[in-house]
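Undergrad: Take this structure, written in structure tokens, and hold onto it; I'll ask about it next.
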Amino acid sequence: MPAKRRVAQLVMLAFAVLIVMGAYANVGLAIDEQVPSGMLTYGLGLGGFMLAAYLVLAKFAPWADPLLLPLVTLVNGLGLVMIFRLERAEMPGASATTQLLYTGIGVVLFAVTLLALRDHRTLQRLTYTSGFVGLFLLVSPLIPGLGKTINGAKIWIGFGPFTIQPAEFAKIALVVFFAGYLVAKRDVLALAGRRLLFIDLPRARDLGPVLITWGISLGVLVLQRDLGSSLLLFGAFIVMLYIATQRTSWVLIGILLFVGGAFIAGQIFDHVGDRFDVWLNPGSTEFYDREFGGSYQLMQGLFGMANGGILGTGLGQGHPELIPLAFSDFIFAATGEELGLTGLMALLMLYALIVQRGLRTSLAAREPFTKLLAGGLSFIIAWQVFIIVGGVTNLIPLTGLVTPFMSQGGSALLANWILIALLVRMSDAARRPPPQAIQNEGLTQVFQR
Amino acid sequence: MNGTLKRAAVACMAMFALLMINVNYFQAVRGQTDTFQNDNRDRRNYFERYAIERGRITAGGKVILAQSKEQDGSIRFVRRYAEGELYAHVTGFFSPYTATQIEGTENKLLDGSSADLLLQRGIDMFTGEPTRGANVDLTIDPKVQKAAYDALRQSGKRGAVVAIDPKTGAILAMVSLPTYDPNVLSDPDPGKVTKAYEALDPKSLDTPLLNRTTERTYAPGSTFKVVTTAAWLEDDSSRDGNTNVDAPTRLSLPSTSATLPNYGGAACGGGNVPMAYALQKSCNTPYGKIGLELGYEKMLEQTEKFGIGQSLQVPIPVVASSLGPQEDPAAIAMSAIGQRSVQMTPLQMAMIAAGIANDGKVMKPYLVNRITNHKGDELSAADPEELSEAMSAESAQKLKAMMVSVVNEGTARAAQVPGLEVGGKTGTAETAKGRAPHAWFIGFSDKVALAVLVESGAASVGAEATGGGVAAPIAKSVLEAVQSR
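Here the protein sequences line up with chains A and B, keeping their order. My numbering puts the first sequence at residues 1 to 449. My numbering puts the second sequence at residues 1001 to 1485.
Encoded structure:
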């Protein structure tokens, strides 16, 4: 029987906050040769938020996985330190205070989700509602008057001074929808159609939902110029489809569809096709000097990581401010410069652990909907980290996505805190011991009237 | 569903494994290659340039030519050249993106990144001391350098002076005019530097940026006759300065109707003169005839023995001098008097004079005398080495005597220093039509060998203003400075 491990969690949480405080002090010592003046406020702020999150979790999800919250706290905190460090280097746009504020709001949303959603299976009843909400959020940046175009991507909506990236929230709503939908339809989708080589193809009529999701993904790609979200959604859908139906053919069909679609899009839109060439040859002058869609940012990130080497320059001692968007899309490269390979390995390990805790929840869950939802949400974290980190480190073509919990930006941070709340809620359900059957002597049972 | 979930979990872990392998590969291997470490598009390299206290460049162990001065702000150390223009072509400059001459060739020692400083860097790392570069001491003698600079400057022309210690190859003076202020080009502001750099007209042959002693070749004119004399002496050991040679007023050239005259169309003695006389008067016809007799192969062999044809690192790069390609038979007669396609750097001409003065042995020229770490401990010291044997000691003695007679009785009388035995040879090299010829002098005393070039220094062809008139007095100032040190 799993233990609650609440004390262990509290110790780990304190440990995570301490590491972050140490890193924060390190930045100040390196730049000004003194501990930053706001350190106490900052530490109390982060520590306070996390203590609150812990108390809500202990009260309303006592059986929840003990590692998720400390892991996320550490990643979130390291992101804050990097943003603080970039702000100190006078990088325009970097603001640690704003990010700390959003961290606070994220923790509030985390708590609200845990409080409001006592049983996550409620979500199963909201399958189609989630689907519509997700779809609406996804297309909302295209609505005239609401949408805002920033840096060529139509992925923002604005309310007065606030801008929101609705795709970040849409991704959760759509994973909920996929889980509910697939649980309902998985038997049909698993039916075998024709056999081609060694693969059982699904029936042609069942291709409908896949084609619709594919169409929406391509729509996001083409109309919003957002390859990242497009790839993220379609990948999540295909993997969940595979988990639900246990059919490899869906994965193959999915990959073929996406590659085909992306290829055609690449032929029509230069900004997609160029990514491939830039990926293969980022150092070439032609791509480097190009104003849009070139390799300047990628190369600056790579220079930073190359400069960091194995041990890194040390916090506050490199020049990560030279990397464009070092506080958002390229925060991983900025971290690689100052914390080195050592720091990046630790960071990747943290993400891998978060995903692993999520997948364990999924495996331990008792009913299909929870399995699919937990699996889908965990996968989407892994997939997102893979796409952005792989892009920044030149493993795969670069696609703009935020690094979960690290990149500066309210929408992503809030959405990810909600995502973690859902995983915590499900892990609480999965680890909670089943009600004890009342046993008495012999084979008979006594029923009380 | 757990089966597929487990497989999906394996896929997730595989993605993380891929990311980890790639990050390891990039940060430990690929990123450590030159492509990512030394790309000048990486502005980190720019900041790094100014983060380290570079070593000093000194001359003769005492005069500071270049040093790093600390200041406030993100640019910690700026490079300053106290002697400025006087040593510009020796020190070079340290701009935001490049470093030239000694600053460039000795960069790894100066900035402390050389493997020779590995131990020191390790100690510094453990004791928490900042890395500091090594100091480079040059062979330049400040007195000789100043004398050469002032004398050449007085001519008001472009030109070059190189002085070498013939016994070791140590370069005692290296002056090129016009010059520039390395302080301006070493400013950390790339915009300012680019502007100043462009103002120096870097693509033109007349640019002050050019080190005329090493980076440009000139027709050597009559100074090249010493090489022809050396080949002639080596060809037959019974020959000496008293051996008579044919000296017609005009030498008819094979397979062409053209003829080779003497300077100004004059006669050379009685038409049959001792070789020493031909050198003293710098007659063309006997040398043209000797060139024809020796042929291209023998002339080429002799030039190679003087080091001609090699590009050297002293350690600043020296372009190769050349006899020129083999052409029709008549051409070698022109080459033998230093015209046609013979092209020499002033440093190469100084090496020829040094080789003759050093009994035929050409020492490899060098500029770096000593490398010390920032505490003053010696890391390495110059070790003079022989570059080649240009001629036998006997031939060298004969040629020396002939060159001494050129200074005592011939065209180079302006280089005489009272009480000092000086040998030399003047030259007037015709260049493009309409441009005044270059004036040359190469020569030696017992302590120094030198070459002086004054671009367009001779007023006109035919006037008495040959190399002897303009270049030899500059050489005299340098010889006196060497003598008085």
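Glycine included, each C-beta is placed from N, C-alpha and C at the ideal position. All values reported here derive from a predicted model rather than from experimental measurement.
Quick one: residues in its chain with C-beta nearer than 6 angstroms to the C-beta of Arg1212(B), no 5 flanking neighbours on either side, listed in chain order?
TA: Your numbering for residue 1212(B) matches position 212 in the second sequence. Contacts found: Ala1160 and Ser1176.
Undergrad: Report the rounded CA-to-CA distance for Asp1124(B) versus Gly1133(B), giving the unit in angstroms.
TA: Locating residue 1124(B) in the second sequence gives position 124, counting from the first residue. Locating residue 1133(B) in the second sequence gives position 133, counting from the first residue. The alpha-carbon atoms of Asp1124(B) and Gly1133(B) are separated by roughly 12 angstroms.
Undergrad: Pull out every residue of the region 351-365 of chain A whose Cβ sits closer than 8 angstroms to any Cβ of chain B, in chain order.
TA: Taking 8 angstroms as the Cβ-Cβ cut-off against chain B, the residues of the region 351-365 of chain A that qualify are Tyr351, Ala352, Val355, Gln356, Leu359, Ser362 and Leu363.
Undergrad: Just to confirm my understanding: we take Lys1361(B), look at its own chain, exclude 5 residues before and 5 after, and list those with CB closer than 6 angstroms. What are they?
TA: Here the question's residue 1361(B) lines up with position 361 in the second sequence. Glu1386 and Glu1389, listed in sequence order.
Undergrad: Looking at the unbroken alpha helix (DSSP H) that takes in Gly1424(B), where does it start and where does it end?
TA: Residue mapping note: residue 1424(B) aligns to position 424 of the second sequence, counting from 1. Gly1424(B) -> not in any alpha helix (DSSP H); beta strand (DSSP E) instead, spanning Gly1423 to Ala1429.
Undergrad: Using a cut-off of 8 angstroms between C-beta atoms, extract the partners of His319(A) located in chain B.
TA: Counting from one through the first sequence, the residue named residue 319(A) turns up at place 319. Per Cβ cutoff of 8 angstroms: Arg1043, Arg1044 and Phe1047.
Undergrad: For Leu101(A), count neighbouring C-beta atoms within 10 Å of its own C-beta (all shown protein chains included) and say buried if the count is 16 or more, exposed if not.
TA: Residue numbering aside, residue 101(A) sits at position 101 when the first sequence is read from its first letter. So Leu101(A) counts as exposed.
Undergrad: Between the Cα of Glu1297(B) and those of Thr1228(B), Ser1252(B), Ser1380(B) and Gln1343(B), spot the shortest distance and give me the residue it belongs to.
TA: On the second sequence, position 297 is the one that residue 1297(B) refers to. Glu1297(B) has its Cα closest to that of Thr1228(B), out of Thr1228(B), Ser1252(B), Ser1380(B) and Gln1343(B).
Undergrad: Quick test of the definition: if touching needs 3 or more C-beta pairs under 8 angstroms, does the region 359-366 of chain A touch the region 422-430 of chain A?
TA: The answer is yes - the region 422-430 of chain A touches the region 359-366 of chain A, with three or more Cβ pairs under 8 angstroms.
Undergrad: CA-CA distance, Met1363(B) and Gln1101(B)?
TA: Counting from 1 along the second sequence, the entry for residue 1363(B) is found at position 363. Counting from 1 along the second sequence, the entry for residue 1101(B) is found at position 101. Rounded to the nearest angstrom, the two C-alpha atoms are 21 angstroms apart.
Undergrad: Which residues in chain A sit within 7 angstroms of Val1029(B), going by Cβ to Cβ distance?
TA: If you number the second sequence from 1, residue 1029(B) lands on position 29. Within chain A, no residue comes near Val1029(B); the closest Cβ sits about 10 angstroms away, beyond 7 angstroms.
Undergrad: Of the choices Met1334(B), Ile1371(B), Ile1308(B) and Gly1003(B), whose alpha-carbon is the least far from that of Pro1346(B)?
TA: Translated into positions along the second sequence, residue 1346(B) becomes position 346. Of the listed residues, the one whose Cα sits closest to Pro1346(B) is Ile1308(B).
Undergrad: Within the 8 angstroms Cβ cut-off, does Leu348(A) reach chain B?
TA: By one-based count along the first sequence, residue 348(A) stands at place 348. So yes, Leu348(A) belongs to the interface.
Undergrad: Just to confirm, is the Cβ distance from Leu1005(B) to Lys371(A) under 8 angstroms?
TA: Sequence index remark: in the second sequence, residue 1005(B) carries index 5 (1-based). Sequence index remark: in the first sequence, residue 371(A) carries index 371 (1-based). The answer is yes: Cβ separation under 8 angstroms.
Undergrad: Taking only beta carbons into account, state which residues of the region 364-380 of chain A come closer than 8 angstroms to chain B, listed in chain order.
TA: Hits within the stretch, in order: Pro368, Lys371, Leu372, Gly375, Ser378 and Phe379.
Undergrad: Inspect the CB distances between the region 1362-1380 of chain B and the region 1227-1246 of chain B and report whether three or more fall short of 8 angstroms.
TA: Verdict: no, contact absent.
Undergrad: Anything in chain A within Cβ reach of Leu1005(B), meaning under 8 angstroms, just list it in chain order.
TA: The residue labelled residue 1005(B) in the question sits at position 5 within the second sequence. Within chain A, the residues near Leu1005(B) are Ile243, Leu359, Ser362, Leu363, Lys371 and Gly375.
Undergrad: Does the distance between the C-beta of Val183(A) and the nearest non-hydrogen atom of the ligand MG fall short of 7 angstroms?
TA: Absence of the ligand MG from the depicted structure is noted, as is the absence of any ligand whatsoever, leaving it without description.
Undergrad: Could you list the residues in the region 279-310 of chain A with a C-beta less than 8 angstroms from some C-beta on chain B, going in chain order?
TA: Listed by position along the chain: Gly283, Tyr288, Met299, Gln300, Leu302, Phe303, Gly304, Met305, Ala306, Asn307, Gly308, Gly309 and Ile310.
Undergrad: Going along the chain, which residues of its own chain have a beta-carbon closer than 8 angstroms to the beta-carbon of Ala1258(B), five neighbours each way excluded?
TA: Looking up residue 1258(B) in the second sequence gives position 258. So the list reads Ala1330, once near-sequence residues are dropped.
Undergrad: Does DSSP classify Ile143(A) as helix, strand or coil?
TA: For the purposes of this step, residue 143(A) is taken as the residue at position 143 of the first sequence. In this structure, Ile143(A) counts as coil in the three-state DSSP scheme.
Undergrad: How many Å lie between Gly1443(B) and Ala1393(B) at the Cα?
TA: Stepping through the second sequence from its first residue, residue 1443(B) is reached at position 443. Stepping through the second sequence from its first residue, residue 1393(B) is reached at position 393. Each residue's alpha carbon lies about 18 angstroms from the other.
Undergrad: Please report the straight-line C-alpha distance between Tyr288(A) and Pro397(A), rounded to a whole angstrom.
TA: By one-based count along the first sequence, residue 288(A) stands at place 288. By one-based count along the first sequence, residue 397(A) stands at place 397. C-alpha separation (whole angstroms): 15 angstroms.
Undergrad: Who are the Cβ neighbours of Leu218(A) in its own chain at under 6 angstroms, not counting the five residues just before and after it?
TA: Translated into the one-based positions of the first sequence, residue 218(A) becomes position 218. Excluding positions up to five away in sequence, the list reads Gly261.
Undergrad: Taking Cβ-Cβ distances shorter than 7 angstroms, what residues in chain A pair up with Met1351(B)?
TA: Within the second sequence, residue 1351(B) is the residue found at index 351, counting from 1. Residues of chain A passing the Cβ test: none, with the nearest at roughly 41 angstroms.
Undergrad: Within the 8 angstroms Cβ cut-off, does Gln453(A) reach chain B?
TA: Outside the modelled stretch of chain A, which goes from 1 to 449, sits residue 453(A), for which no answer is possible.
Undergrad: By the three-class DSSP mapping on this structure, what secondary structure does His1438(B) have?
TA: Stepping through the second sequence from its first residue, residue 1438(B) is reached at position 438. DSSP places His1438(B) in strand when its eight states are reduced to three.
Undergrad: Taking its Cβ as the centre, do 16 or more other Cβ atoms sit within 10 Å of Leu1279(B), making it buried, or is it exposed?
TA: For the purposes of this step, residue 1279(B) is identified with residue 279 of the second sequence, where counting begins at 1. Under this definition Leu1279(B) is a buried residue.
Undergrad: Measuring alpha carbon to alpha carbon, tell me which residue in Gly254(A), Val75(A), Gly28(A) and Asp329(A) is nearest Trp417(A).
TA: What you label residue 417(A) is simply residue 417 of the first sequence in a count that begins at 1. The shortest C-alpha separation from Trp417(A) is found at Val75(A).
Undergrad: Report the partner residues of Lys1069(B) according to the DSSP bridge assignment.
TA: Working through the second sequence from its first residue, we reach residue 1069(B) at position 69. DSSP lists Val1078(B) as partners of Lys1069(B).
Undergrad: Just to confirm, are Ala374(A) and Gly391(A) a CB contact at a threshold of 8 angstroms?
TA: Taking the first sequence and counting its residues from 1, one reaches residue 374(A) at position 374. Taking the first sequence and counting its residues from 1, one reaches residue 391(A) at position 391. Not a contact, by the Cβ cut-off of 8 angstroms.
Undergrad: Only counting the same chain, and skipping five residues up and downstream in sequence, which positions put a Cβ closer than 6 angstroms to that of Arg1250(B)?
TA: The residue given as residue 1250(B) occupies position 250 in the second sequence. Contacts found: Thr1259 and Pro1261.
Undergrad: Just checking: is the beta-carbon of Gln246(A) within a distance shorter than 8 angstroms of some beta-carbon in chain B?
TA: Here residue 246(A) is taken as the residue at index 246 of the first sequence, counted from 1. Yes, contact with chain B.
Undergrad: Leu419(A) to Glu1103(B), Cα distance in whole Å?
TA: Taking the first residue of the first sequence as 1, we reach residue 419(A) at position 419. Taking the first residue of the second sequence as 1, we reach residue 1103(B) at position 103. Each residue's Cα considered, the two are about 58 angstroms apart.
Undergrad: Can you tell me the Cα-Cα spacing of Gly1462(B) and Pro1325(B), whole angstroms?
TA: Your numbering for residue 1462(B) matches position 462 in the second sequence. Your numbering for residue 1325(B) matches position 325 in the second sequence. Because the pLDDT of Gly1462(B) is 46, which lies under 50, any placement of that residue in the model is unreliable, and the number read from its coordinates should be weighed accordingly. Computed Cα separation, rounded: 28 angstroms.
Undergrad: Got a sec, what are the start and stop residues for the beta strand (DSSP E) Lys4(A) sits in?
TA: Taking the first sequence and counting its residues from 1, the one referred to as residue 4(A) is at position 4. Per DSSP, Lys4(A) belongs to no beta strand (DSSP E) and is neither H nor E.
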